[in-house]
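Below is one structure; the comments refer to it alone.
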Amino acid sequence: LVEALRHLKARDIPNPKNYAEAMKSEYQDFWNEAIAEEIANLKAYDVYRFEPLPKGVRPINSRYVFKVKDNQQGLVDRFKARLVVQGFRQRFGIDYLKTHASVCKMQTFRYQMAHAAQHNLLHEIIDVKSAYLEADMKMPVYINIPGHPPPPGMAARLVKSLYGTKQAGRNWHQTIVPLLTTQWSFTQSAADPCMFYHYKDKDDYCVLCLFVDDFSITSTRAKTSSRDTFMKSIKQQFKTSQSDDNNVYL
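The numbers in the numbering used here rise by one with no breaks, and the one at position 199 of the sequence shown is 223.
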């Protein structure tokens with residue numbers, strides 16, 4: 025459908041504020057297609073399943089965030105809909121406990137860049153696509169999905185950490201750290217729990233700084249075994265994308 029709008033400026037198409045507004049929009053068919061893609065993606069990751077709603081439990085509302093994405097020329101690239109839980113309705117001790125996410129200290133990142141410049145290291149940036157959807161939801165959280173009513177007496181229970189939930193960042197942290205330290209042989213920094221390094225020798229090592237699902241990676245140029253092994257491992261485990269401009273991080 026979107027091919028018919030490639031000639032339009034993305035900024036000229038209003039982004040609906042909610043599901044009802046999208047359904048009344050003249051671009052309703054495009055938004056429905058975007059919603060269908062989002063639901064298909066959630067099902068592919070097994071993000072939720074319908075289960076009997078426990079007595080006394082009220083599902084948390086969710087909403088779609090709509091956005092017309094543009095290309096480098098500012099023209100319409102695609103219509104995007106992302107389902108987001110209204111996490112502000114979650115109750116501490118019932119729907120979540122801890123909320124921290126993997127965010128490296130700015131001092132750590134500056135050190136990584138200074139060290140890379142001093143030793144002429146390679147710098148790359150990658151991000152894990154749909155990272156939160158890779159992390160298991162540890163506590164039972166039930167949600168309503170706009171336009172997708174559940175069967176009577178049931179609700180959508182989150183199996184994975186959907187965007188907007190307070191504990192999603194922490195669940196992702198608990199997913200990626202064991203992989204780095206146990207399976208991929210990285211050492212976690214004692215000074216910053218979001219910095220990791222893999223050291224073979226002075227000519228072959230790799231340093232990672234995490235900012236949630238974004239990885240700032242510096243590695244040696246003479247030997248690249250540490251870097252290559254990590255890249256192979258993470259791409260086998262997750263869907264990733266690599267930045268075209270390593271001068272811009274976040």
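Cβ atoms here follow ideal geometry from the backbone N, Cα and C, with glycine treated the same way.
Quick one: what's got a C-beta closer than 6 angstroms to residue i's C-beta in the same chain, skipping five residues either side?
i	result
residue 263	153
Among the options, which has the Cα closest to the Cα of residue i?
i	options	result
residue 237	46, 134, 171, 155	155
residue 31	71, 98, 140	98
residue 203	158, 229, 142, 240	158
residue 216	131, 66, 196, 87	131
residue 118	76, 166, 65	166
residue 75	178, 82, 260, 108	178
residue 187	34, 66, 45	66
residue 170	143, 223, 127, 107	107
residue 146	168, 54, 243	243
residue 199	213, 143, 222, 258	258
Starting from residue i and walking both ways along the alpha helix (DSSP H), at which residues does that stretch end?
i	result
residue 224	Unbroken run through residue 224 is the beta strand (DSSP E), 219-225; no alpha helix (DSSP H).
residue 139	130-143
Less than 8 angstroms between C-beta atoms, sequence neighbours within five positions excluded: which residues of the same chain meet that for residue i?
i	result
residue 73	180, 181, 183
residue 265	150, 151, 153
residue 52	46
Report the CB separation of residue i from residue j in whole angstroms; it is logged as a contact under 8 angstroms.
i	j	result
residue 39	residue 93	Rounded, the Cβ-Cβ distance is 10 angstroms, inconsistent with contact.
residue 227	residue 256	At roughly 20 angstroms, the Cβ-Cβ gap does not stay under 8 angstroms, so residue 227 and residue 256 are not in contact.
For residue i, which residues in the same chain have their Cβ closer than 7 angstroms to its Cβ, ignoring the five residues on either side in sequence?
i	result
residue 195	159, 160, 161, 162, 185
residue 164	181
residue 55	40, 46, 49, 90, 103, 105
Got a sec, what are the start and stop residues for the beta strand (DSSP E) residue i sits in?
i	result
residue 201	Where residue 201 is concerned, there is no enclosing beta strand (DSSP E), although the alpha helix (DSSP H) it sits in stretches over 192-202.
residue 148	146-152
residue 178	178-182
residue 72	72-76
residue 264	264-266
Starting from residue i, follow its DSSP beta bridges and name the residues at the other end.
i	result
residue 33	99
residue 105	90
residue 166	181
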